[in-house]
Each structure stands twice: as C-alpha cells, then as structure tokens.
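The sequence shown runs 1 to 493 under the UniProt record's numbering. Read the structure below first, then the notes.
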Amino acid sequence: MVKTLYTRLALGLFLLLLAVGVLYTFISLYSLREYNASVNQELHRDLAKNLVADRNLVSGGELDRSALKELFALYMTINPSIEIYLLDLDGTILSYSADPAKIKRKQVSLEPIKRLMDDMSRYPVLGDDPRSHDRQKVFSVTPVPSADNPEGYLYVVLRGEEYDAAETMARGGQLLELSAWALIVSLAVVMIAGLAVFRLLTRRLTLLTRLVEDFEHSDMSRQPASTWRGMRPVVRDEIDYLGATFDDMASRIASQIEQLTEKDAQRRQLVAQVSHDLRTPLASMQGYIESLKLRRDRLSPEEQDRFLDIALKEGRRLNRLVDELFELAALEAREKQPVPEPFPLAELVHDVVQKHGPEAGNRRIELTVKGDPDQPLAYADLAMTERVLDNLIGNAIAYSPSGGRIEVAIRQADGLPEVCVRDSGPGIPEPDLPHIFDPFYRGESSGGSEPHAGLGLAIARRIMTLQGGDINVENLNAGGACFCIRLPVKPAG
Numbered sequence: 001m002v003k004t005l006y007t008r009l010a011l012g013l014f015l016l017l018l019a020v021g022v023l024y025t026f027i028s029l030y031s032l033r034e035y036n037a038s039v040n041q042e043l044h045r046d047l048a049k050n051l052v053a054d055r056n057l058v059s060g061g062e063l064d065r066s067a068l069k070e071l072f073a074l075y076m077t078i079n080p081s082i083e084i085y086l087l088d089l090d091g092t093i094l095s096y097s098a099d100p101a102k103i104k105r106k107q108v109s110l111e112p113i114k115r116l117m118d119d120m121s122r123y124p125v126l127g128d129d130p131r132s133h134d135r136q137k138v139f140s141v142t143p144v145p146s147a148d149n150p151e152g153y154l155y156v157v158l159r160g161e162e163y164d165a166a167e168t169m170a171r172g173g174q175l176l177e178l179s180a181w182a183l184i185v186s187l188a189v190v191m192i193a194g195l196a197v198f199r200l201l202t203r204r205l206t207l208l209t210r211l212v213e214d215f216e217h218s219d220m221s222r223q224p225a226s227t228w229r230g231m232r233p234v235v236r237d238e239i240d241y242l243g244a245t246f247d248d249m250a251s252r253i254a255s256q257i258e259q260l261t262e263k264d265a266q267r268r269q270l271v272a273q274v275s276h277d278l279r280t281p282l283a284s285m286q287g288y289i290e291s292l293k294l295r296r297d298r299l300s301p302e303e304q305d306r307f308l309d310i311a312l313k314e315g316r317r318l319n320r321l322v323d324e325l326f327e328l329a330a331l332e333a334r335e336k337q338p339v340p341e342p343f344p345l346a347e348l349v350h351d352v353v354q355k356h357g358p359e360a361g362n363r364r365i366e367l368t369v370k371g372d373p374d375q376p377l378a379y380a381d382l383a384m385t386e387r388v389l390d391n392l393i394g395n396a397i398a399y400s401p402s403g404g405r406i407e408v409a410i411r412q413a414d415g416l417p418e419v420c421v422r423d424s425g426p427g428i429p430e431p432d433l434p435h436i437f438d439p440f441y442r443g444e445s446s447g448g449s450e451p452h453a454g455l456g457l458a459i460a461r462r463i464m465t466l467q468g469g470d471i472n473v474e475n476l477n478a479g480g481a482c483f484c485i486r487l488p489v490k491p492a493g
C-alpha cells in the first residue's frame, strides 16, 4: 500500500497527540493530587490542636487517656477519612484510632513533624503513614499535653485509608470517565484542525506531484502544458522554489531530448553520407584494379600506368576523406584542443601562400598577398590556424578558373587581426550560403577540379570556434567568393 505524505503526516499527528494526551493526563493527575494534598493540609493544619482544645484531652496539665479513647471512637464514626495517632517524643506509636490489624509501623519519622511545626505555612509536608512501610500522607500535628511541656504528639493523618478507598472509587468511576471523554474530545478537535492544516500545506505538493507524473508519463520531448510558474507566479517558500526548479528541469530535459533527436538524425545522415563518400573511391579503385588484372595482357603499358594512376588517385582521395573524418570527429568531441600562443599572423599567411604558389602557378592563377603586415599578434593555435588557411587557399585555387586571380588580404577589424581570401571563381549560389559550413554539404552547382566530401569548411569553422575566433563568407559583386577569418588577441594581464 502506497502511503502519501498526507497520510504519513496524519498518522504522525495522531501519534503525537496521543502521546501528548497521555503525558498531559499523567501530569494533570499528579498535579491534582499535589494540589488536593496542599489544600487539605492548609484547611486542616490546626486540626490536631483544635482536637486537643475542643475535646478537653488535657486536664491538669496531663493528657486524659479516657477522653482520647472517646475521641478515637467518635472520629472513626463521624469522619473516617482521618486517622488519629498518639506518639511519644521518639515517634513511637502509643495508641491510635485505626484498625490494629492494619497498622504496619510502630514508629514514624519525626523529621517531617518538626519541619511542619517549625513553619506551619509550608505545605504540602508529607509524613509516614502507619498503615504502610513506604507510603506518605499529609498530616496535622500538635505537641501534648502542651508545647511548653511536651510528652508526645497528637498525629492526625488527613487522608487515611477510608479516604484513599473513596478516592480510588471516584477516580475509577466518574472522574476517569470524564477525563477520558475530555481527552477524546480534545484529541478529536485538534486532530481535525491538524488534518485541515496539513491538507492546506500538502495541497501544493500534491499539485506538484501531479505535474511530475504527467511529465514522466509523456515522452519528455516537450515541456508540460501546465507549469508551476503558470499556476503560482510568485516564489514564496521552499515548495514554490521546488516547483520553479522543476519547470526549469523539465524545460532543460525537453530541450536536451530535442537536441538528442536532432543529433540522432544527423548521425543517421552522417552514416549515410560517409557510406556514400567512402563507397565511391572504393568502387573506382576496385573497378580499375579488377580491369587491370583481367585485361593485363591486352592493355598497353601506357593504359596500365593510367589505370594504376587512377587507382592511386582514388586511394589518396579515400585516405584524405578518412583523415578529415577523424579530424572532424576529434574536434567535435573536443579531443583535439587548441594550444594558443601569440604569433604574427602576416608571417604565417606569407608562408602558406608560398606553399601553395607552385600549385597556383601550374594552373596559371595569380596568387598575391596585400595589406599591412604590422598587425596585432594573434593569440591562437599556430598549426590549427595554418590548417584553416590551407583549406581556404586550396579551395580558392580549386574553384578559380585558369588565368584567374586570388588575393589574400591582411587587415585589422575591431582591433582584431583578420585575413580574407578572395577568388575569381563562380562564387557560391545564394541557396548554398547558409549551409556552406555544414559537414558533407556540397552545392549542386559548385565547380572544382575534383569532387570533395564537404568536410574542409566544417573543420575550419570548428577550429575557429574552438579558438574563440570567427569565420564567414560572402559573394563578391565582381564575381567570386570571399572567406574571412578573425582571430583573437592575448587578453591583457
């Protein structure tokens, strides 16, 4: 059986009230007995003295024993709640009004007697009960025959055996019944009030639990239609804070699931594209090698060399594709992190341009560098930046026609060093511009000297992002495209 928080709180309240009720009953009964004892002793503190005076127990300065016996017999009849004892100066019981068979003590302690006689306003003072070895009772006492010539004490137990029997009967009857009813009614009233308060306190928790369950039973790909903030816009206490936190968590989970869904779709697309791009050079290599093997006797040496050259070219293309795939995967997984250092960007640009000079010359393309070399030191990974420049200049050469022109401009933009590569090719079709940096994207109308996998620009953008730089592209009015990269500088301090 599932217990709700409200049920647990109700059970806890019931047990707490029951414990408080039992404790309160015990304390009340104990306090009532002490109070009754105090009242009884206060009312009858002079009873022993009055008995001596009223019943003429002292005659001629001596205790009248016959009058004392009459007193015992009288009070056993008219007031059985008290017990009268005659003690000597040592506390030994000389005579008494009680049943002799029930007397358990031969002597009572004088310490409480003297304490009460020294200060009659101190109460309750309990003395020994001759009917019990361990019980104590309130009492009244006076020296006899007089305080000036004491020969003993008249010791009056105010709550004797008859009183105890009557009290026990009353406590077991009407008093107990009234106390039980009072306790039950009090517990019921407090219990109902407590349950009402708990219902008000747990109502919002129940609502929050329902929101969590609704979100749990959904596909979690979108935030619940009902939110905590929509129902309770003001954060006031811990429950409201928990509800607001759940809204944020639900929104974040929905966003992450949406991203995972997109990533899964991209992964499927990536697998399909990689499979196609790998299959093409592999099929070409396999076809030419099989043709060479089957027709070797009928092919001339020149044809055999051409078949081998094509197979070798496709192998290199396959190797380059695999390298780019691993490089992009390492960058996406952040396994390959940049190691920034300050360096002059102009020197790196000249080195890369010189490296691509022979290739541009072979294609009769003019490759030039212009701009002010005195720029702020770039703060980036030197090898990664060279990789980006290699890609941009290599693409420009591949897409520029024979006799074209490529210009590499070094400049400063917003206080940051920037390099722009402008070519004289056909430019990038406008529909392709938003996707030019996407992995495996190839515009249908793009030219180039050889097919490519569409990974170079994706790698370049990832490198620039990791370095805290930027890369963008635009078409030139005179024709061609312009790629620009902007690198950060070393922070001050």
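Ideal placement from N, C-alpha and C gives every residue a C-beta, glycine not left out.
When DSSP labels each residue in this structure, what does residue i get in the three-state scheme?
i             : result
lysine 137    : strand
glutamate 302 : helix
alanine 481   : strand
aspartate 470 : strand
alanine 37    : helix
leucine 416   : strand
arginine 422  : strand
valine 212    : helix
alanine 409   : strand
serine 446    : Its pLDDT being 49, under 50, serine 446 is placed unreliably in this model, and the value from its coordinates should be taken loosely. In the structure shown, serine 446 sits in coil (DSSP, three-state: anything other than H, G, I, E or B).
arginine 387  : helix
valine 2      : Legend: pLDDT at valine 2 = 48, less than 50; position of this residue unreliable, no value from coordinates given.
arginine 295  : coil
Do you know offhand how far residue i's Cα is from residue j's?
i                 : j                : result
tyrosine 123      : alanine 193      : 41 Å
glutamate 216     : leucine 195      : 29 Å
leucine 321       : alanine 458      : 13 Å
isoleucine 82     : alanine 147      : 23 Å
isoleucine 436    : alanine 481      : 12 Å
proline 301       : glutamate 359    : 28 Å
glutamine 467     : isoleucine 365   : 31 Å
phenylalanine 343 : glutamine 375    : 10 Å
glutamate 290     : alanine 283      : 10 Å
glutamine 286     : leucine 318      : 12 Å
proline 456       : alanine 413      : Looking at the sequence itself, residue 456 is glycine, so the reference to proline does not match. Taking the straight line from one Cα to the other gives about 25 Å.
isoleucine 253    : threonine 261    : 12 Å
lysine 69         : methionine 191   : 59 Å
glycine 21        : threonine 4      : 26 Å
glutamate 258     : arginine 405     : 46 Å
aspartate 54      : histidine 133    : 32 Å
histidine 44      : phenylalanine 26 : 27 Å
glutamine 107     : aspartate 90     : 8 Å
glycine 361       : isoleucine 397   : 10 Å
valine 352        : asparagine 391   : 10 Å
asparagine 395    : alanine 380      : 22 Å
leucine 308       : arginine 298     : 15 Å
glycine 415       : leucine 205      : 55 Å
aspartate 423     : proline 373      : 21 Å
glutamate 407     : glutamine 354    : 13 Å
leucine 208       : valine 189       : 29 Å
histidine 350     : lysine 370       : 10 Å
asparagine 50     : glutamate 151    : 18 Å
leucine 331       : arginine 462     : 7 Å
arginine 411      : valine 473       : 16 Å
threonine 245     : valine 212       : 12 Å
valine 419        : alanine 383      : 16 Å
So residue i and residue j are supposed to be a Cβ contact under 8 Å. How far apart are they, rounded?
i              : j           : result
isoleucine 184 : proline 130 : The pair is not a contact, with the Cβ atoms about 40 Å apart (cut-off 8 Å).
leucine 86     : leucine 154 : 6 Å
serine 140     : leucine 47  : 4 Å
leucine 29     : leucine 187 : With 8 Å as the limit, leucine 29 and leucine 187 do not qualify as a contact, their Cβ atoms being about 17 Å apart.
leucine 312    : proline 439 : 27 Å between Cβ atoms; not a contact.
Terminal residues of the continuous alpha helix (DSSP H) containing residue i?
i           : result
arginine 45 : Careful: arginine 45 lies outside any alpha helix (DSSP H) and carries neither H nor E.
With respect to 7 Å, is the separation between the Cβ of residue i and the closest non-hydrogen atom of the ligand MN below this value?
i             : result
glutamate 359 : The model depicted lacks the ligand MN and carries no ligand whatsoever.
Check whether the Cβ of residue i lies closer than 8 Å to any Cβ atom in chain B.
i              : result
asparagine 475 : Here there is only one protein chain, and chain B is not present.
| Complete beta strand (DSSP E) runs within the stretch 85-159 (minimum length 3 residues, chain order) | 93-96, 126-128, 136-145 and 150-157, all fully within the stretch 85-159.
| field | Length-filtered (4 minimum) alpha helix (DSSP H) runs lying within the stretch 301-379 | value | The qualifying runs are 301-332 and 345-362.
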